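Residue numbers (this note's numbering), protein chains in the order written: chain A, 6 to 117; chain B, 1045 to 1509.
The structure appears below as structure tokens.
Given below as structure tokens:
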């Protein structure tokens, strides 16, 4: 199994979710995140005090997949998340030793 | 008795009452989330303390028969001798209406100072300071300015609704307290962004609305004077919003929401002493000057290095001085001129000197005895937790894993200053997720922690699985 993690622009979440669903992915976990990469933050002004906000809001998606689907799914996520502008985010993949479905105790690919 | 005037002043008193919670929201939205409740409470407690003090001795000290031009005597202690039939000498409204109306001013004025001390003072020390300050600073100054026999009243200083007695007084008192208490940890280094600007705008709107009672009600009659004041209040405030925004756009490149709300307050402050004695053009001038100048004045704290956290000095002191001095020139009916300007200056600067010195001494006294300042840990973790045993918002999806317990077990780390408190919260925090463990001791039977059961899907975290 592999864990695909994607940190993307928040407004691309629905596209990515739909693309994964169309591919047949059964579930995903989404977290609000913030961070910075090459995209710069912005400046805010409060009564003349200027603050540079350099952590940009992002959405972090995590999906567990079977090894055979991993490469293709990564491409699906990248395609759905891309806007072509700076700050589109990153997608990465790591191996996973095991997974358990809490309700049934199923292990491995059966738990997905 | 004049029924129309009585009704008008009564309703005005109710409007002024609303200003204190309005101020609480105005300030509360401007602080960081960890001290939002404390900021609300610093204003709200004034409704409790000063309401009591006012009937015990406050009204008597402020409006009792004059003693030497500086303070009232104790004839009206406990409001003795004031019956429902007692009428004011001028105007003929029940004295009780006047007592109630002026009580709301006495409540609001010390609350104004709280914004300067945001995030870092002990709540108990604030309550003590407020009590001392309103007794030894506000009651005398209100007497000077508004009571028959008060020395500024006899000098014919124009202060229709409280430019000197309320705003200059609170502004300079706040500065003195700030100089004693010191800067917040991380001042000028850490980002200290307002946690809720909508709350600030809500507060500003409540203040603006309540201010009609404050200003027009000060005529103590439903007449031409109150009508002039009401109109000028609106005109000056609108102009001040524009004045602040234009300055801000030029200096900082944006029309900010906080700027619009702040400009409104600056305009309201500046028109307060002046509004009944100027025409609409005068009100316009006062408003636009107050908006522009206060917008600049709020940056002074960074240059001069005092941490007037929510700009009580920059808005209330500066706005109060602008209105008090400008009316010296702009007053209609031949009153305005150099002579009146001189009187206004005497009024403004005598109140400033007196209030600064006494406020500084009182703050020092509190600091030296019970300690004014919160501990460094309490300040960095947030004074809400330290002094109120609560958090302002629970926005965690699952309710933050709160655990309800019963019994008398003391809860470590929970508000030592609140003996007998029924509800405690402690936080065993997981860093970034905001998960916290709450322990409620001795809460009411049967309920399960109220909002903790709500799930908040969508906004915070989505889990489809």
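Idealized CB from N, CA, C, for every residue including glycine.
Note that the structure is predicted; figures quoted are calculated from it, not measured.
Could you name the residues of chain B that residue 49 of chain A contacts, counting a contact when the two beta carbons are closer than 8 Å?
Sequence index remark: in the first chain, residue 49 of chain A carries index 44 (1-based). From the beta-carbon of residue 49 of chain A, the residues of chain B found nearer than 8 Å are 1237.
Whole angstroms is fine: what's the gap from residue 1393 of chain B's alpha carbon to residue 1376 of chain B's?
Position 349 of the second chain, counting from 1, holds the residue named residue 1393 of chain B. Position 332 of the second chain, counting from 1, holds the residue named residue 1376 of chain B. Straight through space, the alpha carbons of residue 1376 of chain B and residue 1393 of chain B are spaced by roughly 23 Å.
Out of curiosity, what's the CA-to-CA distance linking residue 1238 of chain B and residue 51 of chain A?
Residue 1238 of chain B sits at position 194 when you count from the first residue of the second chain. Residue 51 of chain A sits at position 46 when you count from the first residue of the first chain. Residue 1238 of chain B and residue 51 of chain A have their C-alpha atoms spaced approximately 8 Å apart.
Apart from the five residues just before and just after residue 1159 of chain B, which ones in its own chain have a Cβ nearer than 6 Å to its Cβ?
In the second chain, residue 1159 of chain B corresponds to position 115, counting from 1. Correct list, in chain order: 1071, 1354, 1356.
Applying the 10 Å Cβ sphere with the 16-neighbour rule, what's the burial state of residue 1188 of chain B?
Within the second chain, residue 1188 of chain B is the residue found at index 144, counting from 1. With 16 or more other Cβ atoms within 10 Å, it is buried.
In the DSSP output, what is residue 1511 of chain B paired with across the bridge?
Within the shown structure, residues of chain B are numbered from 1045 to 1509, placing residue 1511 of chain B beyond reach of any answer.
Chain-order list of residues whose beta-carbon lies under 6 Å from that of residue 1290 of chain B (same chain, five-residue window excluded)
Residue numbering aside, residue 1290 of chain B sits at position 246 when the second chain is read from its first letter. Close CB contacts of residue 1290 of chain B within its chain, under the 6 Å cut and outside five residues either way in sequence, are absent.
Would you mind giving the Cβ-Cβ distance between residue 1319 of chain B and residue 1283 of chain B, rounded to the nearest angstrom? I have them listed as a contact below 8 Å.
Reading the second chain from its first residue, position 275 is the one you call residue 1319 of chain B. Reading the second chain from its first residue, position 239 is the one you call residue 1283 of chain B. The beta-carbon separation of residue 1319 of chain B and residue 1283 of chain B, rounded to 12 Å, does not stay under the 8 Å limit for a contact.
Assign residue 1472 of chain B to one of two classes, buried (16 or more other C-beta atoms within 10 Å of its C-beta) or exposed (fewer than that).
The residue given as residue 1472 of chain B occupies position 428 in the second chain. Reliability fails at residue 1472 of chain B, whose pLDDT of 42 lies under 50, so the model's placement of it is uncertain and the value that follows must be treated cautiously. Counting other Cβ atoms within 10 Å of its Cβ, residue 1472 of chain B stays below 16 and is therefore classed as exposed.
What did DSSP end up calling residue 90 of chain A once you bin it into helix, strand or coil?
Translated into the one-based positions of the first chain, residue 90 of chain A becomes position 85. Secondary structure at residue 90 of chain A: coil, using DSSP grouped into helix, strand and coil.
Could you confirm whether any beta carbon from chain A is found closer than 8 Å to the beta carbon of residue 1333 of chain B?
On the second chain, residue 1333 of chain B is found 289 positions in, with the first residue counted as 1. Taking 8 Å as the threshold, the shortest C-beta distance from residue 1333 of chain B to chain A does not fall below it.
Classification of residue 41 of chain A by the beta-carbon crowding that lies within 10 angstroms, buried from 16 upward
In the first chain, the residue the question calls residue 41 of chain A occupies position 36. With fewer than 16 other Cβ atoms within 10 Å, it is exposed.
Measuring alpha carbon to alpha carbon, tell me which residue in B/1358, B/1321, B/1331 is nearest residue 1344 of chain B.
Residue 1344 of chain B sits at position 300 when you count from the first residue of the second chain. In terms of CA proximity to residue 1344 of chain B, B/1358 leads the group B/1358, B/1321, B/1331.
Taking residue 41 of chain A as the query, report the chain B residues whose CB atoms sit under 8 Å from its CB, ordered along the chain.
Here residue 41 of chain A refers to the residue found at position 36 when the first chain is read from its first residue. Per Cβ cutoff of 8 Å: no residues; residue 41 of chain A is ~15 Å from chain B at best.
Kindly identify the DSSP beta-bridge partner or partners of residue 1406 of chain B.
Mapped onto the second chain, residue 1406 of chain B falls at position 362. None; residue 1406 of chain B has no bridge partner.
I'd like to know whether the C-beta atoms of residue 1247 of chain B and residue 1363 of chain B end up nearer to each other than 8 Å.
Looking up residue 1247 of chain B in the second chain gives position 203. Looking up residue 1363 of chain B in the second chain gives position 319. Going by C-beta atoms, residue 1247 of chain B is not nearer than 8 Å to residue 1363 of chain B.
Spatial distance of residue 1192 of chain B from residue 1226 of chain B (CA atoms):
As a working mapping, residue 1192 of chain B is identified with position 148 in the second chain. As a working mapping, residue 1226 of chain B is identified with position 182 in the second chain. Going from the Cα of residue 1192 of chain B to the Cα of residue 1226 of chain B covers about 39 Å.
Can you grab the Cα-Cα spacing for the pair residue 14 of chain A / residue 79 of chain A, in whole Å?
Reading the first chain from its first residue, position 9 is the one you call residue 14 of chain A. Reading the first chain from its first residue, position 74 is the one you call residue 79 of chain A. Their backbone Cα atoms lie some 16 Å apart in a straight line.
Nearest to residue 990 of chain B by CA position, among B/1335, B/1426, B/1249, B/1436, is which residue?
Any question about residue 990 of chain B goes unanswered here, given that chain B covers just 1045 to 1509.
On the criterion of 16 or more Cβ atoms from any shown chain inside 10 Å, does residue 1507 of chain B qualify as buried, or is it exposed?
For the purposes of this step, residue 1507 of chain B is taken as residue 463 along the second chain, with counting starting at 1. With a pLDDT of only 32 at residue 1507 of chain B, under the threshold of 50, the placement of this residue in the model should not be trusted, and no figure is reported.
Quick one: Cα of residue 1521 of chain B to Cα of residue 1310 of chain B, how far?
Residue 1521 of chain B lies beyond the stretch modelled for chain B, which goes from 1045 to 1509, so this question has no answer here.
Minimum C-alpha distance to residue 1275 of chain B - residue among B/1300, B/1148, B/1316
Position 231 of the second chain, counted from the start, is the residue given in the question as residue 1275 of chain B. Taking residue 1275 of chain B as reference, the option from B/1300, B/1148, B/1316 with the minimal CA-CA separation is B/1316.
Would you grab the beta carbon distance between residue 1257 of chain B and residue 1055 of chain B for me? Rounded to a whole angstrom, and I think it's under 8 Å.
The residue you call residue 1257 of chain B lines up with position 213 of the second chain. The residue you call residue 1055 of chain B lines up with position 11 of the second chain. The pair is a contact, with the Cβ atoms about 7 Å apart (cut-off 8 Å).
If you check the beta carbons only, do residue 95 of chain A and residue 12 of chain A fall under 8 Å apart?
Counted from its first residue, the first chain places residue 95 of chain A at position 90. Counted from its first residue, the first chain places residue 12 of chain A at position 7. Cβ atoms of residue 95 of chain A and residue 12 of chain A: closer than 8 Å.
What are the boundary residues of the alpha helix (DSSP H) that includes residue 1244 of chain B?
Reading the second chain from its first residue, position 200 is the one you call residue 1244 of chain B. DSSP places residue 1244 of chain B in the uninterrupted alpha helix (DSSP H) bounded by 1241-1260.
Tell me where the beta strand (DSSP E) around residue 37 of chain A begins and ends.
Residue numbering aside, residue 37 of chain A sits at position 32 when the first chain is read from its first letter. First-last of the beta strand (DSSP E) with residue 37 of chain A: 33-40.
Using alpha carbons as the reference points, say which of A/16, A/10, A/6 lies closest to residue 62 of chain A.
Here residue 62 of chain A refers to the residue found at position 57 when the first chain is read from its first residue. Minimum Cα distance to residue 62 of chain A is reached at A/16.
Count the other C-beta atoms from every protein chain shown that fall within 10 angstroms of the C-beta of residue 115 of chain A, then say buried if there are 16 or more, exposed otherwise.
The count along the first chain starts at 1 and reaches residue 115 of chain A at position 110. Burial call: exposed.
Where residue 55 of chain A meets chain B, residues with beta-carbon distance less than 8 Å:
Position 50 of the first chain holds residue 55 of chain A. By Cβ distance, chain B contributes 1296.
Alpha carbon to alpha carbon, how far is residue 1243 of chain B from residue 35 of chain A? Give it in angstroms, no decimals.
What you label residue 35 of chain A is simply residue 30 of the first chain in a count that begins at 1. What you label residue 1243 of chain B is simply residue 199 of the second chain in a count that begins at 1. Distance between the alpha carbons of residue 35 of chain A and residue 1243 of chain B is about 29 Å.
Answer yes or no: does any C-beta atom of chain A fall closer than 8 Å to that of residue 1352 of chain B?
Taking the first residue of the second chain as 1, we reach residue 1352 of chain B at position 308. Closer than 8 Å: no.
Taking only the alpha-carbon atoms, compute the straight-line gap between residue 1062 of chain B and residue 9 of chain A and give it to the nearest angstrom.
Walking along the second chain from the start, residue 1062 of chain B turns up at place 18. Walking along the first chain from the start, residue 9 of chain A turns up at place 4. A straight-line Cα-Cα distance of about 54 Å links residue 1062 of chain B and residue 9 of chain A.
Closest by CA to residue 1298 of chain B, which one among A/22, A/54, A/38?
Here residue 1298 of chain B refers to the residue found at position 254 when the second chain is read from its first residue. Residue A/54 is the option with its Cα nearest to residue 1298 of chain B.
In this structure, does DSSP put residue 1116 of chain B in helix, strand or coil?
Locating residue 1116 of chain B in the second chain gives position 72, where the first residue counts as 1. DSSP, read as helix, strand or coil, puts residue 1116 of chain B in strand.
The region 1150-1167 of chain B in contact with the region 1419-1429 of chain B per 3-pair CB rule at 8 Å:
Under the three-pair Cβ rule at 8 Å, the region 1150-1167 of chain B counts as touching the region 1419-1429 of chain B.
From residue 1122 of chain B to residue 1303 of chain B, what does the alpha carbon distance come to, in whole angstroms?
Taking the first residue of the second chain as 1, we reach residue 1122 of chain B at position 78. Taking the first residue of the second chain as 1, we reach residue 1303 of chain B at position 259. Straight-line Cα distance between these residues: approximately 43 Å.
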